Amino acid sequence: MSKQCKIIEDLLPLYHDGVCSEESKQLVEEHLSQCEECSNLLDKIDGEIVSPTKDEEWKLLEGISKAVRKGRKKAFITGISITLAAVLLLFAGLSTWWYCHEYSYYSAFAEGQTPALVEANMKNGIKPTEIYT
Ligand SMILES: [Zn+2]
Numbered sequence: 007m008s009k010q011c012k013i014i015e016d017l018l019p020l021y022h023d024g025v026c027s028e029e030s031k032q033l034v035e036e037h038l039s040q041c042e043e044c045s046n047l048l049d050k051i052d053g054e055i056v057s058p059t060k061d062e063e064w065k066l067l068e069g070i071s072k073a074v075r076k077g078r079k080k081a082f083i084t085g086i087s088i089t090l091a092a093v094l095l096l097f098a099g100l101s102t103w104w105y106c107h108e109y110s111y112y113s114a115f116a117e118g119q120t121p122a123l124v125e126a127n128m129k130n131g132i133k134p135t136e137i138y139t
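Okay, so the sequence shown: first residue is 7 according to this note's numbering, each after it adds one.
(1) In chain order, what residues of the same chain lie with their CB nearer than 7 Å to the CB of residue 46, ignoring the 5 residues before and after it?
(2) I need the DSSP call for residue 119, collapsed to helix, strand or coil.
(3) Roughly how far, in whole angstroms, is the beta-carbon of residue 38 from the beta-carbon of residue 22, given that I think they are within contact range, below 8 Å?
(4) Is residue 14 near ligand 1, with its Cβ less than 7 Å from a heavy atom?
(5) Should residue 124 be labelled buried (16 or more other beta-carbon atoms within 10 Å of its own) or exposed?
Rendered as structure tokens:
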């Protein structure tokens, strides 16, 4: 590779992207017409950028990153749903427990039982309302 080839090698990416000066473009084109090595190099740059393999790899990466993002979103939604369901269940359970416990406790008074008797019955596992039913 000659000294000029080195310079052309540096200019080729710019030439390929069409961002080099008119003078550089002319120099590159002039050199390419006589230098097979540098022509091959340009072909390689062309191939690297528009190669279907690269494109597919990029699409694959994009697909993976999309899937990861989607997965994260899904996991987030699932997590929130589970938390909400757990809170609802806990609330439902607590209010059911409260209803059964307190309601039977107070309805026992309504049926004329003394608080001491109700407490004693509950300690023995007898529900206050069960006595009269
Ligand atoms: Zn050359």
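C-beta atoms are modelled at their ideal positions from N, C-alpha and C, and glycine is treated no differently.
Given the structure is predicted, the values throughout are model-derived calculations rather than measurements.
Quick look at the numbers:
(1) To locate residue 46, count along the sequence shown from 1; it is residue 40. Hits under 7 Å: none found.
(2) Counting from 1 along the sequence shown, the entry for residue 119 is found at position 113. Here DSSP, grouped into helix, strand and coil, assigns residue 119 to coil.
(3) The residue given as residue 38 occupies position 32 in the sequence shown. The residue given as residue 22 occupies position 16 in the sequence shown. At roughly 11 Å, the Cβ-Cβ gap does not stay under 8 Å, so residue 38 and residue 22 are not in contact.
(4) Start at 1 with the first residue of the sequence shown, and residue 14 comes out as number 8. Yes.
(5) Mapped onto the sequence shown, residue 124 falls at position 118. Buried: at least 16 other Cβ atoms inside 10 Å.
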